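First the structure, in the form of structure tokens, and then the observations on it.
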């Protein structure tokens with residue numbers, strides 16, 4: 303009987319490490335999407351007549367897409383509770399984003415836009431989580 307318990311414990315330990323790695327991968331994908339969108343937007347700003355006035359909207363769309371991607375990966379890894387895992391992914395994404403911004407900026411202040419960004423990340427992560435948990439396995 304002891305061997306069965308040890309095998310189960312080992313299997314759960316491996317699964318836990320796999321889930322953590324999957325969650326880190328989901329956040330990495332989310333930040334890669336963020337980088338790609340902002341590099342693309344920077345190129346558009348440089349070579350077209352687009353003004354910086356569209357930056358807040360691009361930022362919110364980027365947040366929704368990135369948090370959605372993280373939520374999708376997290377929920378797909380966990381294979382249950384997609385809404386909750388997606389919202390958790392969106393929350394972690396936005397917290398890490400603001401930590402990075404706080405470290406990189408000369409001056410940093412938390413404003414009302416943080417609430418909007420958090421709400422968009424939460425919603426994007428939730429949608430991604432729902433899609434991730436309900437994806438078709440092939």
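Residue numbers (our numbering): 303 to 440. All C-beta atoms in this analysis are idealised placements derived from N, C-alpha and C, irrespective of residue type, glycine included. Every value quoted in this text rests on a predicted model; they were computed, and no experiment measured them.
**Prompt:** Alpha carbon to alpha carbon, what distance is there between residue 399 and residue 337?
**Reply:** For residue 337 and residue 399, the distance between alpha carbons rounds to 12 angstroms.
**Prompt:** Is it true that the stretch 355 to 368 meets the stretch 419 to 439, where meeting means three or more beta-carbon pairs spaced less than 8 angstroms apart?
**Reply:** Contact holds: three or more Cβ-Cβ distances are below 8 angstroms.
**Message:** Using a Cβ-Cβ distance cut-off of 8 angstroms, determine whether residue 346 contacts chain B.
**Reply:** Checking the listed chains, one finds no chain B in this structure; it contains a single protein chain.
**Request:** Kindly give me the distance between the Cβ atoms of residue 328 and residue 391, rounded to whole angstroms, as I take these residues to be in contact under 8 angstroms.
**Result:** Taking the Cβ atoms as the reference, residue 328 lies roughly 6 angstroms from residue 391, within the contact range of under 8 angstroms.
**Request:** Measure the alpha-carbon distance for residue 403 versus residue 436 and round it to whole angstroms.
**Result:** Approximately 33 angstroms, taken between the alpha carbons.
**Message:** Taking a contact to mean a Cβ-Cβ separation below 8 angstroms, would you say residue 378 touches residue 332 in this structure?
**Reply:** Cβ atoms of residue 378 and residue 332: not closer than 8 angstroms.
**Request:** Would you mind reading off the limits of the alpha helix (DSSP H) that contains residue 408?
**Result:** Taken as a continuous stretch (DSSP letters only), residue 408 belongs to no alpha helix (DSSP H), as it is neither H nor E.
**Prompt:** If we ignore side chains and look at the alpha-carbon of each, how far apart do residue 315 and residue 330 end up?
**Reply:** Only weak support is given to the placement of residue 315: the predicted model assigns it a pLDDT of 47, under 50, and the value that follows is read from those uncertain coordinates. If I take the Cα positions, the gap works out to 23 angstroms.
**Message:** Quick check on DSSP: helix, strand or coil for residue 436?
**Reply:** Residue 436 carries a coil assignment under DSSP once its states are collapsed to helix, strand and coil.
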